[in-house]
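Chains as they are written, first to last, in our numbering: chain A, 368 to 993; chain B, 6 to 258.
Written out below as structure tokens is the structure these notes cover.
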Amino acid sequence: MQIFQSDLLCIGAGLAGERVAIEAADNGFSAICLSLVPARRSHSAAAMGGMQAALGNSAMGEGDSPDVHFADTVKGSDWGCDQEVARIFVNNAPIAMRQMAFWGVPWNRVIGGEQTYYKGGKPFQAYEKPENEGLIHSRSFGGTAKWRTCYTSDGTGHAVLYALDNRATQMGVEVHDKTEAIALIHDGSTCMGAVVRCMKTGELRAYLARAVLIATGGYGRLYRATTNAVICDGGGMAIALDTGVVPFGNPEAIQFHPTGVVPTDILVTEGCRGDGGTLLDVNEYRFMPDYEPEKQELASRDVVSRRMVEHIRKGFGVKSVYGQHLWLDIRHLGAHHIHTKLREVEDICQSFLGVDPVTQLIPVRPTHHYSMGGLRVNKDGAAYGLKGLFSAGEASCWDMHGFNRLGGNSLAETVVAGMVIGGKVVEYLKGADTVFKTETMRDAVAKQQARIQSLISGANGGEDVYAVREAMYDALILGAGIFRNGKDLQESIARLNTVLDRARKVGLKSSGLGASPELSLALKIEGQVKLALCVTHAALNRTESRGAHTREDFPERNDRDWLTRTLATWPDSAADKPVLNYEPATKVFEMPPGDRGYGGGKTIPMDNPPEAAPKGANGKAQGSEK
Amino acid sequence: MARMLTFNIFRYNPQDSASFPHMQEFRLEETESMTLFIALNRLREEQDHSLQFDFCCRAAICGACAMVVNGRPGLACHTKTKDFPDKITLMPLPVFKLVGDLSVDTGTWFRGMAKKIESWCHTKKVFDPNAQEERMDNALAERIYELDRCVECGCCVAACGTALMRDDFLGATALNRIARFILDPRDERTEKDYFDIIGTDEGVFGCMGLFGCQDVCPKRLPLQEVLGKLRLKMAFAAANNLLPKFLRREVRL
């Protein structure tokens with residue numbers, strides 16, 4: 368068996384994973400990234416819209432500051448976020464954008480003078496200051512007071528990932544692609560590496576490292592209909608949960624995106640609505656202003672998604688063989704704008720739907736999109752429960768998003784968290800020594816070898832892994848969709864318990880030799896069903912509505928009892944449910960709980976509301992400390 | 006009535022000593038808006054769990070799913086079955102090392118290419134976190150992005166006559182990448198530096214001018230134009246020293 372050793376092992380080579388690896392390499396440490404796919408195919412590449420950072424260069428971003436960004440982020444989270452982390456994020460975001468510019472991202476830039484933009488489908492003029500010509504421009508995204516989203520056409524994620532992977536190549540960061548971490552190597556208190564399966568040959572390897580980072584993205588593929596890439600299967604969270612000591616933070620916090628296209632569930636960017644796209648119903652009537660007169664189509668994603676489902680339930684959906692949907696209209700933006708600024712959107716419409724968005728309406732419906740929950744870490748990115756384990760990006764619950772994240776905040780989080788947590792990982796590496804226990808490693812590898820043998824021989828049973836996955840999809844969406852209630856969640860849990868039982872009895876139909884996609888899925892299906900059970904149990908327990916978590920039977924946001932973060936662990940791997948604990952959502956209140964100003968709904972206030980802490984007291988920008 | 010599609014798929018698992026390269030036939034009833042992403046996943050889930058292929062974003066953004074469809078390289082995820090006759094033949098991309106069936110190792114090839122051409126901005130400057138970003142003309146940013154849109158799917162390499170014959174040829178994707186850096190003022194490399202990388206038979210002068218690369222590029226990158234201009238630029242870079250002053254030229258992309 369091959370054994371690889373490095374200072375840092377990043378599981379995941381998307382923006383967050385590679386950014387942390389670069390920070391380590393810049394400081395003279397060796398870093399290896401594992402990835403299911405070549406690094407540049409990571410799901411970060413699919414984020415089209417942009418990254419929020421309060422640069423304030425554009426006319427519509429004038430007067431922006433980290434404080435304004437902070438307020439938008441906390442409101443967006445429905446006060447579910449960790450405010451210390453939100454502050455660290457907003458203060459560092461402008462630096463991270465400039466650093467990405469330095470490394471080669473072709474950000475769109477300010478063009479001075481009168482410019483035509485769109486808001487709510489109508490054109491208007493804005494005067495871009497000539498002295499800002501050539502600085503990084505920004506576009507509008509939902510739930511923000513200013514135009515703050517830095518962008519590269521509609522390929523922002525792609526452009527940033529390519530620039531970052533260029534930098535990683537330059538710095539000698541190794542990427543071992545087509546590999547999958549199937550278990551962490553740990554002794555219950557310290558993480559020492561991972562057991563890894565090569566997806567070219569099927570061989571098992573051990574990776575030992577003083578620091579291990581999980582940056583595997585979200586768990587969207589627990590759902591059948593999701594905008595997420597097929598690799599966003601919760602694999603990183605599953606192996607962390609399997610340790611029994613690392614908590615899954617806020618599993619129930621799941622975002623649905625308003626504009627997944629029908630039927631393929633591919634996302635069309637919020638940039639469409641930011642640039643002035645509108646939502647129409649079966650009568651081609653623009654309905655959002657009736658529900659949200661102020662923000663209209665640009666209310667936060669949870670609100671727009673709920674309003675769409677509400678409108679469809681009133682009978683205004685467009686019926687199709689794939690179920691009901693609504694229309695996204697960008698025709699009025701014109702051929703030139705669509706050909707240049709929204710080219711990826713045009714590609715998707717043409718290639719997957721056969722629709723020309725210059726002249727036709729785009730069929731859309733809310734689709735699973737983002738995991739706010741994830742591996743719970745502290746503000747330094749260090750995991751609860753295991754020393755030497757870190758997490759960043761969508762895989763983590765660093766928790767600047769709380770119960771709803773703003774468009775443009777997650778893509779920005781990857782490089783900002785990567786920069787900040789990368790710095791903390793470097794500090795850790797400078798001070799930490801680890802004893803690699805070969806016995807622990809051997810045991811961990813032997814355990815996985817035994818699992819593989821039983822799956823191939825069918826020792827535990829002959830359940831078909833693909834059928835089990837279908838059953839999981841059906842059971843989860845029943846209770847944990849956009850609207851949730853106690854009765855459906857209980858039914859969902861009962862069904863998932865049966866699915867868990869079946870997942871433990873999977874046996875392969877094929878030989879399992881080589882890359883074997885069937886074996887790969889069989890190795891993670893039990894972990895995935897456990898994640899789904901964390902989602903449903905946490906959603907059932909949380910008897911309030913907050914951000915994207917909407918309980919029909921508990922419509923109020925309940926700050927008195929639920930200004931908390933769920934921490935789900937699975938200490939006994941043979942058990943059929945997680946253990947749920949809770950911690951306060953935030954220790955510091957720069958912004959005491961208040962009204963979001965959109966979305967409606969009542970709030971049960973805290974018994975003793977806190978005083979506001981001083982602005983920006985925590986989390987200075989990295990640069991200003993130097 | 007829905008068509009019954011016949012898929013002829015290349016099968017070989019190099020890790021299985023009993024396996025040998027052969028074609029296997031599958032049949033599947035066509036459904037509305039069916040793509041190869043839908044079809045191949047159904048074949049694996051319903052008929053043969055051992056079938057290997059690669060998909061990732063399934064939205065034509067990541068470049069993972071390139072394969073040869075009825076003789077032509079393309080992205081499987083945005084290939085609609087209705088655009089094809091009822092017999093569809095699927096082969097793995099040539100040039101790249103086979104992992105199994107339709108799955109190939111593009112990662113190693115592209116990482117090697119990135120190292121060979123030093124695919125990053127070469128600069129002596131050091132990033133200053135307290136300084137404003139350096140300015141750039143928006144039109145230039147858009148020109149750089151235009152070439153930066155390559156998704157490294159490998160279609161252009163698979164469709165290249167030179168690349169099929171010679172494994173040291175850089176390929177259109179690498180030449181396009183160099184063009185992207187030539188445009189970018191943040192990369193301080195000189196014309197001579199670029200010449201050392203691509204002014205050779207492994208670079209622009211190895212291209213036979215068939216331009217299969219541009220024909221199959223799923224992102225419709227202007228590869229023909231890029232390669233033409235690069236070749237002219239490199240030809241002058243080589244000849245300028247020998248030419249009288251009035252004939253010397255610095256070719257702009």
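Cβ coordinates follow ideal geometry from the N, Cα and C atoms, glycine included.
Residue from the options with nearest C-alpha to residue i
i, options, result
"P959 of chain A", "A:V946, A:L930 and A:D943", "A:L930"
"G616 of chain A", "A:G769, A:K891, A:D855 and A:G755", "A:G769"
"E193 of chain B", "B:A65, B:A44 and B:W125", "B:W125"
"G802 of chain A", "A:E794, A:H553 and A:V688", "Reading the sequence as shown, one finds Val at residue 802 of chain A and not Gly. With distances taken between Cα atoms, V802 of chain A lies closest to A:H553."
"G384 of chain A", "A:Q857, A:A906, A:T865 and A:M786", "A:M786"
"S758 of chain A", "A:G627, A:N459, A:M604 and A:T933", "A:M604"
"K944 of chain A", "A:L907, A:Y518, A:K969 and A:G524", "A:L907"
"V387 of chain A", "A:T594, A:H436, A:A749 and A:A526", "A:A749"
"S777 of chain A", "A:R653, A:K897 and A:C517", "A:C517"
"Q820 of chain A", "A:T726, A:S878 and A:C764", "A:S878"
"M415 of chain A", "A:T536, A:Q466, A:E711 and A:A392", "A:E711"
"R924 of chain A", "A:F956, A:G966, A:T865 and A:S687", "A:G966"
"A421 of chain A", "A:L742, A:R506, A:K442 and A:G443", "A:R506"
"M9 of chain B", "B:A23, B:M28 and B:E37", "B:E37"
"K754 of chain A", "A:L580, A:I715, A:G874 and A:K489", "A:L580"
"I455 of chain A", "A:S687, A:L551 and A:V441", "A:V441"
Chain-ordered chain A contacts of residue i [CB-CB under 7 Å]
i, result
"V68 of chain B", "Looking at the sequence shown, residue 68 of chain B is not Val but Gly. Neighbours of G68 of chain B on chain A, chain order: R408."
"T111 of chain B", "P405"
Any non-hydrogen atom of the ligand ADP closer than 7 Å to residue i Cβ
i, result
"V457 of chain A", "The model depicted lacks the ligand ADP and carries no ligand whatsoever."
First through last residue of the beta strand (DSSP E) which encompasses residue i
i, result
"Q137 of chain B", "Element bounds for Q137 of chain B: n/a, residue is neither H nor E."
"D88 of chain B", "From DSSP, D88 of chain B is part of no beta strand (DSSP E); its letter is neither H nor E."
"F31 of chain B", "H27 to E34"
"I370 of chain A", "Q369 to I378"
Unbroken alpha helix (DSSP H) run spanning residue i, endpoints
i, result
"W929 of chain A", "D926 to W929"
"L571 of chain A", "Run containing L571 of chain A: none in the alpha helix (DSSP H); it sits in the beta strand (DSSP E), L571 to I581."
"T523 of chain A", "T523 to Q537"
"D21 of chain B", "Element bounds for D21 of chain B: n/a, residue is neither H nor E."
"K897 of chain A", "P884 to N908"
"P959 of chain A", "No alpha helix (DSSP H) contains P959 of chain A, which DSSP labels as neither H nor E."
"F200 of chain B", "E196 to I203"
"P461 of chain A", "Q450 to F469"
"P951 of chain A", "From DSSP, P951 of chain A is part of no alpha helix (DSSP H) but of the beta strand (DSSP E) over V946 to P951."
"T483 of chain A", "Element bounds for T483 of chain A: not the alpha helix (DSSP H) but the beta strand (DSSP E), G480 to K486."
"C161 of chain B", "C160 to A163"
"F719 of chain A", "Here F719 of chain A belongs to no alpha helix (DSSP H), and DSSP marks it neither H nor E."
Within chain A, partners of residue i - CB distance below 8 Å
i, result
"Q29 of chain B", "The premise fails here: Q29 of chain B is roughly 13 Å from chain A at the closest Cβ pair, so nothing lies under 8 Å."
Partner residues on chain B for residue i, Cβ-Cβ distance less than 7 Å
i, result
"R465 of chain A", "E138"
"L880 of chain A", "N18, Q20 and D21"
"Q537 of chain A", "W125"
"F469 of chain A", "F132"
"D714 of chain A", "A65"
Under 9 Å by beta carbon: chain B residues contacting residue i
i, result
"W694 of chain A", "Those within 9 Å of W694 of chain A in chain B number zero; the least Cβ separation is about 17 Å."
"F803 of chain A", "Simply none; closest approach about 28 Å."
"N475 of chain A", "N143, A146, E147 and Y150"
Where residue i meets chain B, residues with beta-carbon distance less than 8 Å
i, result
"H706 of chain A", "Ordered by position in chain B, no residue passes the 8 Å Cβ test against H706 of chain A, which lies about 12 Å from the chain."
Within-8 Å CB hit, residue i to chain D
i, result
"A65 of chain B", "The chain inventory of the structure shown lacks chain D, comprising the protein chains A and B."
Partner residues on chain A for residue i, Cβ-Cβ distance less than 9 Å
i, result
"Q57 of chain B", "G881, A882, S883 and P884"
"F115 of chain B", "P405 and R407"
"E37 of chain B", "P630, V688 and Y689"
* Using Cβ-Cβ distances below 9 Å, what residues of the region 502–517 of chain A are close to chain B? -> L502, I503 and H504
* Check each residue of the region 925–942 of chain A: if its Cβ is closer than 8 Å to any Cβ of chain B, include it; give the result in chain order. => The residues in question: there are none.
* **alpha helix (DSSP H) segments (min. 4 residues) lying fully within the region 771–824 of chain A** => The region 771–824 of chain A is shown to contain whole alpha helix (DSSP H) runs of 4 or more residues at 776–798 and 805–824, in chain order.
* Runs of beta strand (DSSP E) lying entirely within the region 614–698 of chain A, each at least 3 residues, in chain order -> 621–628, 645–647 and 693–696
* Could you please tell me which residues of the region 76–108 of chain B, in chain order, have their CB closer than 7 Å to any CB of chain A? => The residues in question are H83, V104, G105 and S108.
* To do: Would you list, in chain order, the members of the region 563–591 of chain A that have their beta-carbon closer than 7 Å to a beta-carbon of chain B?
  => So the list reads K567, T568 and G569, given in the order they occur along the chain.
* Asked: At a Cβ cut of 8 Å, what residues of the region 148–159 of chain B count as close to chain A, listed as they run along the chain?
  -> I149, Y150, D153, R154, V156 and E157
* To do: Please list the residues of the region 542–558 of chain A that have a C-beta atom closer than 8 Å to any C-beta atom in chain B, keeping them in chain order.
  => V542, D544 and K545
* Under 9 Å (Cβ pairs) to chain B, residues found in the region 597–613 of chain A -> Within the region 597–613 of chain A, the qualifying residues are V597 and I598.
* Mind listing which residues of the region 173–190 of chain B have their C-beta closer than 8 Å to chain A's C-betas, in chain order? -> D189
* Interface positions of the region 827–853 of chain A facing chain B (Cβ-Cβ less than 7 Å), listed along the chain -> Y833
* Contact residues within the region 626–650 of chain A, judged by C-beta distance below 8 Å to chain B -> P630, T631, I633 and L634
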